[in-house]
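Be aware that the sequence shown starts at 1, since it is given in full-length UniProt numbering, and climbs by one per residue.
Using N, Cα and C, we set each Cβ at its ideal position, and we do this for glycine too.
All values derive from a computational prediction rather than experimental measurement.
Okay, so here's the structure we're looking at.
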Amino acid sequence: MKKKQNALKITVVYTAISLALLVLSNKALGQLSNDIQGILNFDRYRGYFYVILSASLLYFVISNIEIRYISKITNLKARNTVLKQELEILCRELIFNEHKNSKLEGYANTDELTGLYTRRRGLALIKKQADQMSTIKDSMLIAFIDIDGLKVINDTFGHIEGDDLLRSAATIIRDSLARKDIICRYGGDEFLVALPGACMKDMQGIKNRLEAAISNYNKHSLKSYKINISIGFSECSIKNCWDIEELIREADSKMYTSKRSKKLHLVSNFR
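Rendered as structure tokens:
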């Protein structure tokens with residue numbers, strides 16, 4: 001409706017200008033000699049008719065153009081509305097998928113039983129930290145921890161109790177170390193820890209802290225067994241940070257040395 005009003009306005013303006021020009025031309029012709037008027041034989045009323053006819057045609061043409069324009073605009077607005085709705089749906093799906101992928105990534109990177117990093121994720125983070133050693137020129141301590149006598153506890157009290165022991169041990173290790181430390185469940189009863197910024201001088205203090213936390217747990221636990229761990233350490237520095245696997249093997253070897261020493265001294269998991 002608004003567009004039709006615009007067409008009408010244009011037509012009215014055109015008609016007014018045309019009529020004004022026609023009136024002016026008639027006045028000019030009125031001042032000419034009779035001979036010239038006879039030659040031109042100008043019919044004033046026919047001029048008015050032509051103005052009205054051309055104005056009608058102009059209105060018709062403009063109206064048709066505007067009708068097509070309005071139709072295209074209406075279609076574009078409808079299409080734009082549909083596209084906005086589709087975009088909103090896609091955005092919601094994207095947010096949902098990102099949330100879902102984030103949860104799946106969390107499941108893939110987290111050990112279900114202990115809540116620690118999985119072996120793959122832990123190794124990836126440790127190797128990434130080792131790659132930065134050449135830049136920050138710092139050291140990192142690798143600790144390999146094994147739960148003593150888990151098989152005996154599984155055989156004696158059942159695997160559910162063994163799983164509970166693993167969860168308790170994982171919690172003790174996590175709570176005893178710093179947030180920046182990387183802890184993962186390496187195998188069934190084995191844990192791998194990387195302590196950025198630590199070196200062999202810090203080894204005994206870390207070991208004492210872990211053993212004190214475990215001793216405190218055993219002291220207050222109502223279980224029929226105790227948690228015991230064996231630990232081995234190796235140091236990652238700028239000289240050897242490129243071979244993490246070898247450093248893990250070194251820490252693992254030292255851990256088994258500690259475990260054998262306990263067996264010789266008949267350390268028991270039972271109270």
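Contact check, residue i vs residue j, beta carbons under 8 Å
{"i": "residue 291", "j": "D175", "result": "With the chain running from 1 to 271 in the structure shown, residue 291 is simply not present."}
{"i": "I142", "j": "L222", "result": "no"}
{"i": "G162", "j": "I173", "result": "no"}
{"i": "E190", "j": "I160", "result": "no"}
{"i": "E250", "j": "S237", "result": "no"}
{"i": "K127", "j": "I244", "result": "yes"}
{"i": "D186", "j": "R119", "result": "The sequence as given places Tyr at residue 186; Asp does not occur at that position. Yes, the pair counts as a contact, with Cβ atoms nearer than the cut-off."}
Assigned exposure category for residue i - 16 Cβ within 10 Å defines buried
{"i": "V193", "result": "buried"}
{"i": "G38", "result": "Any reading at G38 is ruled out, since the residue's pLDDT is 46, under 50, leaving its predicted position unreliable."}
{"i": "A212", "result": "exposed"}
{"i": "R260", "result": "exposed"}
{"i": "L139", "result": "Note that residue 139 corresponds to Ser in the displayed sequence, not to Leu. With 16 or more Cβ atoms within 10 Å of its Cβ, S139 is classed as buried."}
{"i": "L116", "result": "buried"}
{"i": "I206", "result": "buried"}
{"i": "Q85", "result": "exposed"}
{"i": "residue 299", "result": "This structure does not reach residue 299, given that the chain is present from 1 up to 271, and the question cannot be answered."}
{"i": "L266", "result": "Any reading at L266 must be qualified, since the residue scores a pLDDT of 45, below 50, and its modelled position is unreliable; the value itself is stated next. Exposed: under 16 other Cβ atoms inside 10 Å."}
Nearest residue (CA-CA) to residue i, options the options
{"i": "K262", "options": "G149, T118, E93 and I73", "result": "G149"}
{"i": "N109", "options": "I95, E98 and A124", "result": "A124"}
{"i": "M133", "options": "G197, S215 and E245", "result": "G197"}
{"i": "I147", "options": "N64, I206, Y225 and K239", "result": "Y225"}
{"i": "C199", "options": "R119, K137, I95 and N80", "result": "K137"}
{"i": "D164", "options": "R79, E112 and H99", "result": "E112"}
{"i": "D131", "options": "D252, C241 and S253", "result": "C241"}
{"i": "I183", "options": "L87, R121 and E86", "result": "R121"}
{"i": "residue 279", "options": "R92, K219, N75 and T135", "result": "Residue 279 lies beyond the residue range present for the chain, which begins at 1 and ends at 271; the question has no answer from this structure."}
Residues near residue i by beta carbon distance below 8 Å, same chain, minus five either side
{"i": "A178", "result": "L195"}
{"i": "T257", "result": "G232"}
{"i": "M255", "result": "F144, I145, D146, S230, I231 and G232"}
{"i": "R68", "result": "none"}
{"i": "residue 283", "result": "Here the chain covers residues 1 to 271 and nothing more, so residue 283 does not appear."}
{"i": "G188", "result": "L150"}
{"i": "Q129", "result": "M140, I182, A194 and P196"}
Residues of its chain near residue i, where Cβ-Cβ distance is below 7 Å and the 5 sequence neighbours each way are ignored
{"i": "D202", "result": "L141"}
{"i": "R209", "result": "S176"}
{"i": "I36", "result": "Unreliable positioning characterises I36 in this predicted model, as indicated by a pLDDT of 47, which lies under 50. The coordinate reading is nonetheless provided below. Excluding residues within five positions, none has a Cβ falling inside 7 Å."}
{"i": "S253", "result": "G232"}
Contact test: residue i Cβ vs the ligand MN heavy atom, cutoff 7 Å
{"i": "Q204", "result": "Absence of the ligand MN is noted for the structure shown, with no ligands found whatsoever."}
Neighbourhood of residue i by C-beta, 6 Å cutoff - its chain only, sequence neighbours within 5 removed
{"i": "Q204", "result": "none"}
{"i": "K72", "result": "none"}
{"i": "D155", "result": "none"}
Problem - Three CB pairs or more closer than 8 Å across the segment 225-233 and the segment 165-175 - result: yes
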